[in-house]
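Engineer:
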Amino acid sequence: MTYSVGFAFLHFEQEDNFTWALKMVKSLLSSKDNMSKGIVTDRNGALMNVVATVFPETYTMLCFVHIGKNVRAKCITNCRVKPKPPKDAKVDKKQVKKDKEKNRDVVEKIVSAWKELVESPTEESYASALLKFKEVSMPFPEFIVYVETTVFNLKEKFMRAWMNKVLHLRCRTTNIVESTHGVLKKYLRSSVSDLASCWDEIDKMLAVQFGEIQGSFGRNKTVLEHKYKKNQDDKRVGGLCI
Amino acid sequence: MQCERSGIYKSPKTRKKPNLEGIGSRKCQCPFRLKGFFDKDTNDWWIVMLRGMHNHDLEEKLQGHLLAGKLSAEEKKKVIDMTKSLAVPQNILTNLKQNNKESVTTIKQVYNVRTRWHKGQRGNMTELQYLISKLVEHQYVYYTRCNSEETTLKDIFFVHSGSIKLLNTFSIVLVIDSTYKTNNHRMSLFEIVG
């Protein structure tokens, strides 16, 4: 179950604004023991820095889906079998089609190697996956430079090999927050309402959300899974026999 | 008594002169007049036709007529209830027509009721006054921040009191993200989820 902690309307997306909002969140925590163990963000430079400064004790994580998307986009632009021909040059259509197919294959190869790299469970398997990834992307030096400068320096924050060492409750993407955005936008319907009507909708959404959460608490208290029930019956039967 | 189309158009008394371009009126100085009087001796009502001619044709159907399409108090309440639960005007109208087969209401009337309700709710309060009064009423915890001259609001952060309880219980992993296209001030909506 997901619950919304807080909402903020921010005028700009700058470090100053994020710091303020996160400090407010921190002030809501009643004691230091309640401090969260991990925080997941997307790859927004300002937000990443702020989370690290405001919550120094928590482990900051990054959404691997967002990073994967960036890598794929970069791969499509940088990894070409042949450089793009000048515009006025004569091109053979069949040749272009072949090249496109080749490009697609190369991109798929690199992306699958990347996925394997991200999902490798231990540091040893990560090392071997890294070798494979580098081998695949060898002919494209531009791409390698991009990956090394922007992504590999953050590898502890999203690679599975390192993430497995911290408590993250299988929450390695910002998927849950994106889905609540989706739900909220269904309530909002238009993108030009003012702040007050925006709040009205948020309040409606929260009312439903809290109802759901309370319901799940109730269910968890009363509902007993069948596998445990079976044991109980067995015991009783055994007791009667004796 | 006179025809509803008698008389001439009177512009509303506003400080600014209304822009009448592209706007028409139903009034056409129709001369039709009736007079009713009460006879004290016999206790009877009499009606007398003073002028029996309309200077316009009668409309064949009632659709689009102001009074015929008027919503009753009950229907108005229904429109407001359905608006609260995010029903689209089109669907509200369908619902009204289903319940009352002879209804000649048009979509315009539904929209009118909605806007009147929206306006009445806020009263004279501005957007932010309304927002903050609602936040206080529903026991939200909120913080605001103004710019250096304290004239415009920069950021606003609000949390439901129930969320705080949940946050203090389940705070192991938090996910943070912001989204756009939620309001007309182009402010990003920053959300934290646990």
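For the protein sequence lines, the chains are A and B, in the order given.
Heads up: the first sequence runs through residues 0 to 241, numbered per numbering that gives the first Met the number 0.
Heads up: the second sequence runs through residues 0 to 193, numbered per numbering that gives the first Met the number 0.
Glycine residues also receive a C-beta, built at the ideal position from the N, C-alpha and C atoms.
How long is the line joining the alpha carbons of B:Leu152 and B:Thr105, rounded to whole angstroms?
Structural biologist: Straight-line Cα distance between these residues: approximately 41 Å.
Engineer: Step through the CB atoms of chain A and report whether any lies within less than 8 Å of the CB of B:Leu130.
Structural biologist: Yes, its Cβ sits closer than 8 Å to a Cβ of chain A.
Engineer: Per DSSP, B:Thr143 forms a beta bridge with which residues?
Structural biologist: In DSSP, B:Thr143 forms a bridge with B:Ile155.
Engineer: So, at 7 Å on beta carbons, what are the nonlocal neighbours of B:Gly68 in its own chain, with the 5 sequence-adjacent residues on each side left out?
Structural biologist: Correct list, in chain order: Val103, Thr104, Thr105 and Gln108.
Engineer: Output needed in chain order: residues of the region 98-113 of chain B with a Cβ under 7 Å from some Cβ in chain A.
Structural biologist: Residues: none.
Engineer: Less than 8 Å between the C-beta atoms of A:Thr57 and A:Gly44, yes or no?
Structural biologist: Result no, Cβ atoms of A:Thr57 and A:Gly44 do not sit closer than 8 Å.
Engineer: In chain order, what residues of the same chain lie with their CB nearer than 7 Å to the CB of A:Phe63, ignoring the 5 residues before and after it?
Structural biologist: Contacts found: Val117, Phe157, Arg171 and Thr172.
Engineer: Compile a chain-ordered list of the residues in the region 11-45 of chain B whose CB is closer than 9 Å to at least one CB of chain A.
Structural biologist: Answer set for the region 11-45 of chain B: empty.
Engineer: Can you give me the C-alpha to C-alpha distance between B:Ser24 and B:Arg4, rounded to a whole angstrom?
Structural biologist: Cα-Cα distance, rounded: 9 Å.
Engineer: Out of B:Phe36, B:Leu70, B:His55 and B:Tyr129, state which residue places its alpha-carbon closest to the alpha-carbon of B:Glu101.
Structural biologist: For the residues B:Phe36, B:Leu70, B:His55 and B:Tyr129, the minimum Cα distance to B:Glu101 belongs to B:Leu70.
Engineer: Using beta carbons (cut-off 8 Å, strictly below), is B:Tyr142 in contact with chain A?
Structural biologist: B:Tyr142 counts as touching chain A.
Engineer: Spell out the partners DSSP gives A:Gly217 in its beta bridges.
Structural biologist: In the DSSP output, where bridge partners are listed per residue, A:Gly217 has none listed.
Engineer: Name the residues in the region 6-29 of chain A whose C-beta lies less than 7 Å from a C-beta of chain B; which are they?
Structural biologist: Residues Phe6, Ala7, Phe8, Leu9, His10, Glu12, Asn16, Trp19, Ala20, Met23, Val24, Leu27, Leu28 and Ser29.
Engineer: Would you list the residues sitting across from A:Ala7 in a DSSP beta bridge?
Structural biologist: In DSSP, A:Ala7 forms a bridge with B:Phe156 and B:Phe189.
Engineer: Using the beta-carbon of each residue, which ones in chain B are nearer than 7 Å to A:Trp161?
Structural biologist: Going along chain B, no residue has its Cβ under 7 Å from A:Trp161, so there is no contact; the nearest lies around 16 Å.
Engineer: Select from the region 61-75 of chain A all residues with a C-beta closer than 8 Å to any C-beta belonging to chain B, and list them in chain order.
Structural biologist: Residues passing the 8 Å Cβ filter: none.
Engineer: Can you name, in chain order, every residue of its own chain whose Cβ lies under 8 Å from the Cβ of B:Phe37, other than the five neighbours on each side?
Structural biologist: Excluding positions up to five away in sequence, the list reads Asp43, Trp44 and Trp45.
Engineer: Measuring only between beta-carbons, confirm whether B:Glu78 sits less than 8 Å from chain A.
Structural biologist: Strictly speaking, residue 78 of chain B in this sequence is Val, with Glu absent from that position. By this cut-off, B:Val78 is not an interface position.
Engineer: How many angstroms separate the CA atom of A:Met60 from the CA atom of A:Met47?
Structural biologist: Rounded to whole angstroms, A:Met60 to A:Met47 spans 9 Å at the Cα level.
Engineer: Does the Cβ of A:Asp32 have 16 or more other Cβ atoms within 10 Å, making it buried, or fewer, making it exposed?
Structural biologist: Counting Cβ neighbours within 10 Å, A:Asp32 comes out exposed, since fewer than 16 surround it.
Engineer: For B:Met81, decide whether its Cβ has a neighbour in chain A, counting only Cβ atoms nearer than 8 Å.
Structural biologist: It does not; no Cβ of chain A falls within 8 Å.
Engineer: Compute the beta-carbon to beta-carbon distance between A:Ala20 and B:Asp176, rounded to the nearest angstrom, for a pair I have assumed lies under 8 Å.
Structural biologist: Incorrect: roughly 12 Å between the Cβ atoms, too far for contact.
Engineer: My output table needs one value for A:Cys0: the three-state DSSP class, helix, strand or coil.
Structural biologist: Looking at the sequence itself, residue 0 of chain A is Met, so the reference to Cys does not match. The answer is coil: DSSP assigns A:Met0 none of H, G, I, E or B.
Engineer: From the DSSP output, in three-state form, read off B:Lys34 for me.
Structural biologist: Residue state, collapsed to three classes: strand.
Engineer: Quick test of your reading: A:Ser136 and A:Ile109, contact by CB under 8 Å. State the CB separation rounded to the nearest angstrom.
Structural biologist: That belief holds up - the Cβ atoms of A:Ser136 and A:Ile109 are roughly 5 Å apart, short of 8 Å.
Engineer: I'd like the list of long-range same chain contacts for B:Glu190, defined as Cβ closer than 8 Å, with 5 residues on each side in sequence excluded.
Structural biologist: Cβ within range, chain order: Ile175, Asp176, Ser177 and Thr178.
Engineer: Comparing the C-beta of B:Lys133 with each C-beta of chain A, is any distance below 8 Å?
Structural biologist: B:Lys133 counts as touching chain A.
Engineer: State the Cα-Cα distance for the pair B:Gln120 and A:Thr179, rounded to the nearest angstrom.
Structural biologist: Approximately 28 Å between the Cα atoms of the pair.
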